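Participant: Before I ask anything, here is the structure I am working with.
Residue numbers (our numbering): 1 to 202.
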């Protein structure tokens with residue numbers, strides 16, 4: 001019986017990719033909730049794999065953190081495109097920024113180790129900045145074209161405000177409070193209604 005020589009290698013590769021995705025999803029949940037002390041053993045258990053499988057994919061905690069952050073940045077960038085197709089402009093912007101708070105929640109849980117890893121190279125900074133600036137720019141231009149957002153707002157300004165708001169709180173319910181502050185901030189981006197003609201004349 002002749003067998004396909006590629007068949008033997010195809011399934012392990014698919015399994016490996018599935019394991020990697022399960023590990024990233026599990027780690028994001030655990031580190032978002034538990035902070036930097038959350039164990040790698042807990043990540044492996046949540047993903048349903050052995051600790052050896054985790055280390056084959058991510059030999060260090062820093063490597064795992066960087067992979068989580070990169071994955072969530074990519075998902076957030078993709079969300080902008082999906083929201084632009086499915087939601088009104090201003091609501092799409094608001095929902096995207098709420099999702100940005102959740103990204104920061106994950107980042108807060110692994111901030112120290114992630115910072116140490118990033119210090120070795122600025123590539124992940126450049127990657128995340130480019131991805132998020134581009135994604136947010138799409139939503140801002142769409143909302144501005146619809147007359148719903150001020151035309152002088154740059155994506156870099158909004159991202160800087162989002163990071164500042166997200167990192168300022170330390171209480172347990174900080175995410176709820178930050179989303180409330182983000183809503184206040186977003187409402188402040190609305191385009192001003194034109195003044196009545198008699199007010200301008202006066």
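A virtual CB, placed ideally from N, CA and C, is assigned to each residue, including glycine.
Keep in mind the model is a prediction, meaning the values are calculated, not measured.
1) Can you tell me the Cα-Cα spacing of residue 138 and residue 99, whole angstroms?
2) Taking the alpha carbon of residue 178 as the point to measure from, which residue in 140, 153 and 103 has its own alpha carbon closest?
3) Can you give the Cα-Cα distance for residue 80 and residue 32, rounded to whole angstroms?
4) When you compare the CB positions of residue 162 and residue 97, do they come within less than 8 Å of one another, or not?
5) Check this for me: beta carbons of residue 175 and residue 73, under 8 Å apart or not?
6) For residue 107, is the classification buried or exposed, using 16 other Cβ atoms within 10 angstroms of its Cβ as the cut-off for buried?
7) Would you check if there are 3 or more beta carbon pairs closer than 8 Å linking the segment 132 to 152 to the segment 82 to 92?
8) Less than 8 Å between C-beta atoms, sequence neighbours within five positions excluded: which residues of the same chain meet that for residue 23?
9) Could you please give me the residues that DSSP links to residue 178 through a beta bridge?
10) Does residue 117 come out as helix, strand or coil in the three-state DSSP assignment?
11) Does the beta-carbon of residue 184 have 16 or more other beta-carbons within 10 angstroms, so that it is buried, or is it exposed?
12) What residue from 41, 130, 25 and 166 has the CA that sits closest to residue 155's CA?
13) Keeping to the same chain, check which residues put their C-beta closer than 7 Å to that of residue 117; ignore five residues upstream and five downstream.
14) My output table needs one value for residue 141: the three-state DSSP class, helix, strand or coil.
15) Taking the alpha carbon of residue 123 as the reference point, which residue from 95, 69, 173 and 166 has its own alpha carbon closest?
16) Under three-state DSSP, which class holds residue 61?
17) With C-beta atoms as the reference, is residue 147 less than 8 Å away from residue 192?
18) Tell me whether residue 94 is buried or exposed, calling it buried when 16 or more other Cβ atoms sit within 10 Å of its Cβ.
Facilitator: Answer, in terms of the structure:
1) Residue 138 sits at position 138 when you count from the first residue of the chain shown. Residue 99 sits at position 99 when you count from the first residue of the chain shown. So the two alpha carbons sit approximately 16 Å from each other.
2) Here residue 178 corresponds to residue number 178 of the chain shown, with the count starting at 1. Cα-wise, what sits closest to residue 178 is 103.
3) Taking the chain shown and counting its residues from 1, one reaches residue 80 at position 80. Taking the chain shown and counting its residues from 1, one reaches residue 32 at position 32. When rounded, the distance between both Cα atoms is 22 Å.
4) Position 162 of the chain shown, counted from the start, is the residue given in the question as residue 162. Position 97 of the chain shown, counted from the start, is the residue given in the question as residue 97. Yes, the pair counts as a contact, with Cβ atoms nearer than the cut-off.
5) Stepping through the chain shown from its first residue, residue 175 is reached at position 175. Stepping through the chain shown from its first residue, residue 73 is reached at position 73. No, Cβ-Cβ distance for residue 175 and residue 73 is not below 8 Å.
6) The sequence position of residue 107 within the chain shown is 107, counting from 1. Residue 107 is buried by the Cβ-count criterion.
7) yes
8) Stepping through the chain shown from its first residue, residue 23 is reached at position 23. So the list reads 43, 44, 47, 49, 53, 54, 57, 58 and 64, once near-sequence residues are dropped.
9) Position 178 of the chain shown, counted from the start, is the residue given in the question as residue 178. In DSSP, residue 178 forms no bridge with anything.
10) As a position in the chain shown, residue 117 is number 117, starting the count at 1. No answer about residue 117 holds up, because its pLDDT of 47 lies below 50 and its placement is not dependable.
11) Residue numbering aside, residue 184 sits at position 184 when the chain shown is read from its first letter. Classification of residue 184: exposed, given that the 10 Å Cβ count is below 16.
12) Within the chain shown, the letter at position 155 stands for residue 155. Closest option to residue 155, Cα to Cα, is 130.
13) Position 117 of the chain shown, counted from the first residue, corresponds to residue 117. Bear in mind that the predicted position of residue 117 carries a pLDDT of just 47, short of 50, making it too unreliable to give a figure here.
14) Translated into positions along the chain shown, residue 141 becomes position 141. In this structure, residue 141 counts as helix in the three-state DSSP scheme.
15) What you label residue 123 is simply residue 123 of the chain shown in a count that begins at 1. Minimum Cα distance to residue 123 is reached at 69.
16) To locate residue 61, count along the chain shown from 1; it is residue 61. Looking at residue 61 - three-state DSSP - the assignment turns out to be helix.
17) As a position in the chain shown, residue 147 is number 147, starting the count at 1. As a position in the chain shown, residue 192 is number 192, starting the count at 1. Cβ distance not < 8 Å, so residue 147 and residue 192 don't count as in contact.
18) Residue mapping note: residue 94 aligns to position 94 of the chain shown, counting from 1. So residue 94 counts as buried.
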